[in-house]
Every structure is written in structure tokens, then in C-alpha cells.
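Chains as they are written, first to last, in our numbering: chain D, 6 to 331; chain E, 25 to 285. We treat Cβ as the ideally placed atom computed from N, Cα and C, and that holds for glycine. Take a look at the structure set out below.
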Amino acid sequence: MSVLVWIEQSGGSAVASCWEVLGKGRQLADELGSPLVALLMGDDVAAGADAAQKRGADLVLTASSPTLSNYRLSAYADVLTAAIREANATVVLTSATLRGRELSAAVACDLSAGLAPDAVDLRIEAGKLVAVRSVYSGNILADITFKSDIQVASVRPRSFPLPEEGAAAGEIKALDVAMDEAAVPEKVLESKSAGGGEIALTDAERIVSGGRGVAQDPELGFKLVADLARVLGAAVGASRAAVDAGYIPYKHQVGQTGKTVSPNLYIAAGISGAIQHLAGMGSSKLIVAINKDAEAPIFGRAHYGIVGDLFEVLPALTEEFQKRLG
Amino acid sequence: MKIAVLIKQTPDTAELPKISAADASGGQVQATMVINPWDEFAAEEAIDLCDRFDGDSVAISFGPADAADALKHALAMGVNEAVLIENDADSSDSGDDWTTAALLAAAIKAQGEVDIVLTGKQSVDGNSGSVFVGVARKLGHPLLVNVLKITDVADGVITVQRGIDGGEETVSAPLPVVISVAKEINDPRYPSFMGIRKANREQIPTLSPSELGVDMNSAQTAWTNIRKPAERHTEVKIIEGASVPEKAAKLAEALIAEKVI
Ligand SMILES: Cc1cc2nc3c(=O)[nH]c(=O)nc-3n(C[C@H](O)[C@H](O)[C@H](O)COP(=O)(O)OP(=O)(O)OC[C@H]3O[C@@H](n4cnc5c(N)ncnc54)[C@H](O)[C@@H]3O)c2cc1C
Ligand SMILES: Nc1ncnc2c1ncn2[C@@H]1O[C@H](COP(=O)(O)O)[C@@H](O)[C@H]1O
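So this is what it looks like as C-alpha cells:
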């Protein structure tokens, strides 16, 4: 028996949210009294394998091959399945990134194993995994219990703290899997990153979001949002009203029909706080609202508020933080 | 070219906040049921691909008898045919995502040669984003998720643009494939009045799990302790001050003290 965690690599380095999963995996493994195994796949996995040891894995399985340099489901699923067999894993975890969700589901289906996608919490009860899921678009919580011996879950980013790095211990072992490029049907012809050092909403520790409150000058409004985000090292979010009005692309939308986020700090500027917006950001640790209407519902969920015009408040905040953070 | 599009009937998203724990436990929700909004993008793409590459489309759903309405929405938009997999009346177990995937995969096979299976990005009730993965694995087809654009289909190979975390990728795969579409792929049309009238007259053929040879009691997971998330009540601290810069300074101070910056 073991707990196996897939450490996703992207652009040559490990995806940060996978370490959160490894940290939780450590706790589950200790409760089960079984080893914690990390799996790394790619063309160069040395740095990731070293980091996985430092963050608590008892055993690191690696698969490196040019065929694995680009993520492709069919090749990655073969390796993960081989790793589950090798490690005799009964709990299999990934981060709920796009790839983690897809890969965990594919392997669970192949092995006729139960799956808890996008879990927000995990625990062990009577030797079995129990996963908490948020369903009905954030309006219902449910515990997922498993019948199968192999129990698979993908874990929503920022559900668990990042584990500290310690001294590397344990073993690194190369998996013996034959990769055959000709057997992989998907071909990646081109890939481009969003660039500009843009911070992904779902991973962000801080988010500054704008809403319809920018309407009198949307371009300036979202520039002010982005300016504050930049000094805070924050990602830029938006309400659906702002997205629907074409002020900013859909990928920035937070809420029931957009992204679910749980940063340490969420600043909502010119957002009224509709229930569908709250469904996507209500679990943020600290919420700050800037709104010119003191009666706006967002103040019912915020910890700090400034009643005022975002066109004045945002630049003042940016200036203030610039002074303090240098 | 033959295209299958997978359509789920789900509660109207505007009514999701009202769903009670009892509703979700019983699987019988007190809400207006509609076509899963993400599946409208899949239906639109199916119609569009049929126009571009001269094909036929079939919409497939697994659900209760009234899920036929969601299929009728797809027909009214312009999908050519529809099939409903209706749960056998004497089976209270509706299975898990893999049961659903097995049913849908079997129904797709029953359509003859299907080149492209289109699905939405997730259901607004289950929120799994897993059923299309299961369908692809059970059919043994390559899977391309979060597709932003179908660039080309030629010589048995499909080329798409897909969104990945932090960027985009151009990927190709040999047909047949399963594709889940992103919201960015198109703007779903509204059904025309004529389309609605025609769809309403259609008798939608049904298949049963037993006809498809799928065991409804094979679920590997169960939902328990179904509950509403705890209501959060926060006491807001409104930052007062004589001027905007003064308020900004006070807020900055508070956020630094809270250690979120
Ligand atoms: C099925 C469904 C799904 C939905 N999904 C989502 C979702 O995923 N995400 C989402 O966000 N919404 C979603 N919505 C929409 C949601 O109900 C609200 O309509 C939307 O969140 C409102 O956006 P807003 O707060 O930006 O705009 P408004 O509600 O119009 O609020 C604008 C706010 O800005 C304030 N304001 C105006 N000018 C200024 C100024 N100069 N300075 C400071 N404040 C100012 C106003 O006082 C007001 O409070 C969904 C709705 C439905 C029905
Ligand atoms: N019961 C169903 N009938 C038909 N299609 C479904 C069903 N459940 C899920 N799907 C398809 O699979 C996608 C993902 O659903 P889910 O895995 O439930 O989030 C949906 O957008 C649909 O296209």
C-alpha cells in the first residue's frame, strides 16, 4: 500500500500546487502507515525529483523520455498506471489543474477505480479515503466515499498549505517503462505560453478584481486594477458583468460560471457581490471591497471596506503600496 | 462525417443557489431543468462542423424521461438526430461518472462509425469534468480537452487549438476523437421558432442500460453527508478617513498587519 502523488512539470519546473498535494499526501500516508511516493514525468525530471524528496516523499519514481517532454494524455496515463502498479498505490492524487484532472480521471477509469475530481479536502476514515467535493457550482458540499481499493482524487489548488522543504531523504527510482512515440496519437504542433509573467488566477495568493463599476471608463478602470495587482504581485480577476461587457477576456472571470479561487487576499473593486460572484471567491481568506455604494452586498462578506470611487481609491492604494513595498 | 454530441440536462444555473441538501441527496432537484449551458457550445460546434465538413450530427443524453427536453433544445438548434438513454424504472441506482461514461460510450458505438464526439467542459450540477474522459477511455479514442478552436479536419486527422494552464497549444490527433469544448469556441445560437416547432414534434428514440449492456450498480463512489456550505458572516471594518490617501494608508497598514501582503 502507498499514497502516490503526481508532480506535474510545466516548462521544465514543477507546478507549485502539486507540492500542496504532496504535503497533504504526507499526512494521509502517515495516518495509513504507508509510504508516500511521488511520480515525476518529463524529459528532465532531476530537479523535480530532488525537490519531491525535500518535501517529504519516501520514494520518488521517475520516467524521463523525449516522448514525455510534452504532456500527452495517452503517454502520461500509461506511465501513471505503471507507477500505481509499481508502488502498489491505493491512494492516487494529482493537483486539479487541467492536466491533473484529465490524467487522474483517465487512469481511474482505466482501473475501474472511484474518482473524486477537484476535491477541496481529504481525510482517512477506517483506512479509506474520504474526499470533500464542492458541487452544484459551489452551492452544495458532499463527502465522497470509495468502494474500490484504488482511490483517486484531484485536489483543488490552494486547498492545503505548501509543505516546508527539509533535508532530502528516501530513494529515487527510475520506472522501467518503454515509450513508443509512434504509439502516441496526439502530436503537439505548437505551444505558446500566455507570457508577460501573468499569474494564474487559481494559483494566486492575491487577486485584484474589477466589475461593472469601471463602466465610465473600462479601459482606465482595468488599467488601475492591473496596476494595483502588479505592485501586490496579484492576479487580475473580474466579475461576469465586466466580462460580458467585453472589458476583459473570459479567462479572468471569477464566480459560478468562471473560476473558483481562494487566495489569501481578494480585493473586489466596483463589484456588487452577487451570489454567483461570491460562489467563486467566498472562501478567500481576507476580502476587501471598494465600492461607492455603502449598501452593496459585497460589504456583507468583506473583512475590510472602503466606500468610495474606485477611480480614486485604486491609484491611491497603488501609490501607498509602492511606497511601502518599494 | 458523423458527429455525436453529449448533452446533459441540468438545473437552470440561476436556480443553483436555491438547491437544498435534500434536493441534492434525492437526485430530484426542485428547479427548472435545462440543457447544461456548457453543452450548448458543444451542440453549436457540432452543427458548425456539419456545415464545414458535410456531416451528420446526433445528440445523446443519459437521464430521466424529461431529459428529452434538453435533447429537443439541441435539435431545435439544428442537430440532426437525438437518442435518450433512459434509466430503467426499477433501478434506483444511477451509478457514478464511469457508469454514465459506459452508457454514453455504448450508445455512441450503437450509432455506427462516429468520427468526432463533442462534449461540454463540465456539468453545472456534477461539476466533474470527468465523463468525457471516461467516454474517451472506454471508446479507446484520443481525448482533446478545453478546445478553443477546431482548425481543420483533413485526411483523417483533426487539428485543434486548446487552452492549457498558462497558455495555448496546437495539437493534432487521428480520428475518431473525443473533444471537450471551451466557452471561447463559439457563440451558441438561439433555436429558431421553426426549429423549436419541428423539435417538439420529434419522437426521440430511447435506449436502456440493459439494452446497452451496462450494469447500473457498478458505482465505485458514493456521495454522503450532503450539505449546504456554511454561511459566512463577516463583520466588515469600513476604513474611515478624511481623504482618499488617508484611507488608502490605513487599509495598507491593516493588510500588512494581517500578513496577507
Ligand atoms: C446563471 C448565472 C451565472 C452567473 N455567473 C457569474 C460568475 O461566474 N461570476 C460573476 O461575477 N457573476 C456571475 N453572474 C452574474 C451576477 O449575478 C451579477 O450580475 C454580476 O456578478 C454583477 O457584476 P458586477 O458586480 O460587476 O456588476 P453590478 O452588479 O452592476 O455592480 C457594480 C458595482 O459597482 C459599484 N460601482 C459603480 N461605479 C463605481 C465606482 N466608480 N467606484 C466604485 N464602485 C462603483 C456599484 O455600486 C455596484 O455595486 C451570474 C449570473 C447568472 C444568472
Ligand atoms: N448524463 C449525461 N448525458 C449526456 N452527456 C453527459 C452526461 N453527463 C455528462 N455529460 C457530458 O460530459 C460533460 C462533462 O460532464 P461532467 O463530467 O458531469 O462534468 C458534459 O458537459 C456533457 O457534455
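Every residue whose beta carbon comes nearer than 7 Å to a heavy atom of ligand 2 appears here in chain order: E:Leu30, E:Ile31, E:Lys32, E:Asn60, E:Trp62, E:Asp63, E:Ala66, E:Ile84, E:Ser85, E:Phe86, E:Gly87, E:Asp121, E:Thr124, E:Leu128, E:Thr143, E:Gly144, E:Lys145, E:Gln146, E:Ser147, E:Gly150, E:Asn151, E:Ser152, E:Gly153, E:Ser154, E:Val155, E:Phe156, E:Ser204.
When DSSP states are grouped into helix, strand and coil, Gln14 of chain D belongs to the strand group.
Under a criterion of Cβ atoms nearer than 8 Å, the residues of chain E adjacent to Ala307 of chain D are, in order, Thr258, Val260.
Annotation: Ala134 of chain E to Ile140 of chain E spans about 14 Å, alpha carbon to alpha carbon.
The alpha-carbon of Glu137 of chain E is positioned some 12 Å away from that of Val82 of chain E. In this chain, the beta strand (DSSP E) harbouring Asp148 of chain D covers 145 to 151.
For Asn60 of chain E, the number of other beta carbons within 10 angstroms of its own is at least 16, and it is reported as buried. Put simply, of E:Ile71, E:Ala106, E:Thr37, E:Ile84 the residue whose alpha carbon is nearest the alpha carbon of Ile209 of chain E is E:Ile71.
If the five residues before and after Gly265 of chain E are omitted, its C-beta is found closer than 7 Å to the C-beta atoms of Lys271, Lys274, all from its own chain and listed in chain order. Here Lys145 of chain E is buried: its Cβ has 16 or more other Cβ atoms, across all protein chains shown, within 10 Å.
Rounded to the nearest angstrom, the gap between the Cα atoms of Glu69 of chain E and Gln33 of chain E is 18 Å. In this chain, Ala174 of chain D is not harboured by any alpha helix (DSSP H), its DSSP state being neither H nor E.
The Cβ atoms of Ile303 of chain D and Gly278 of chain D lie closer than 8 Å to each other. Chain D places no beta carbon closer than 8 Å to that of Glu64 of chain E, leaving this residue out of the contacts.
In the DSSP assignment, Lys162 of chain E falls within the alpha helix (DSSP H) that extends over 155 to 163. Taking CB atoms only, Gly158 of chain E has a neighbour in chain D less than 8 Å away. CA-to-CA, the gap between Ser196 of chain E and His257 of chain E works out to about 49 Å. Using a 10 angstroms sphere on the CB of Lys29 of chain D, the tally of other CB atoms reaches 16 or more, which defines it as buried.
Taking a C-beta cut-off of 7 Å against chain E, the contacting residues of the stretch 148 to 164 of chain D are Asp148, Ile149, Thr150, Phe151, Lys152, Ser153, listed in chain order. Membership of Arg77 of chain D in any alpha helix (DSSP H) is not indicated, and neither H nor E is assigned to it by DSSP. At a cut-off of 8 Å, the C-beta of Val268 of chain E has a neighbouring C-beta in chain D.
The stretch 115 to 131 of chain D and the stretch 159 to 172 of chain D touch, with three or more beta-carbon pairs separated by less than 8 Å. The beta carbon of Ala48 of chain E sits closer than 6 Å to the beta carbons of Ile250 from its chain, once the five residues preceding and following it are set aside; these are given in chain order.
Arg161 of chain E reaches chain D at Ala111, Cys114, Asp115, counting residues in chain order whose Cβ is nearer than 7 Å.
Collapsing the DSSP output to three states places Met218 of chain E in a helix. With the criterion CB distance below 5 Å from any heavy atom of ligand 1, the matching residues run D:Gly216, D:Arg217, D:Gly218, D:Ser244, D:Arg245, D:Ala246, D:Gly260, D:Gln261, D:Thr262, D:Gly263, D:Gly275, D:Ile276, D:Ser277, D:Ala279, D:Gln281, D:His282, D:Asn296, D:Lys297, D:Asp298, D:Ala301, D:Asp314, D:Leu315, E:Thr37, E:Ala38 along the chain. Of the residues E:Glu226, E:Ala91, E:Val184, E:Glu259, the one whose Cα lies closest to the Cα of Leu142 of chain E is E:Val184. A contact between stretches requires three or more CB pairs, one per stretch, nearer than 8 Å, and the stretch 198 to 212 of chain E meets this requirement with the stretch 155 to 168 of chain E.
Taking all protein chains shown into account, Ser117 of chain D has fewer than 16 neighbouring C-beta atoms within 10 Å of its C-beta and is therefore exposed. Contact between the stretch 281 to 299 of chain D and the stretch 224 to 240 of chain E is absent, with fewer than three C-beta pairs closer than 8 Å. Residue burial annotation: Arg225 of chain E is exposed, with fewer than 16 other C-beta atoms found within 10 angstroms of its C-beta. Residues of the stretch 74 to 107 of chain E that bring their beta carbon within less than 8 Å of a beta carbon in chain D are absent altogether.
For Val148 of chain E, the neighbours in chain D by C-beta distance under 9 Å run, in chain order, Tyr141, Ser142, Gln261, Thr262. Under DSSP, Pro198 of chain E takes part in a beta bridge, and its partners are E:Val181. Annotated three-state conformation of Ser214 of chain D is strand, per DSSP. Thr262, Asn269, Leu270: these are the residues of the stretch 262 to 278 of chain D whose beta carbon lies less than 7 Å from some beta carbon of chain E, given in chain order.
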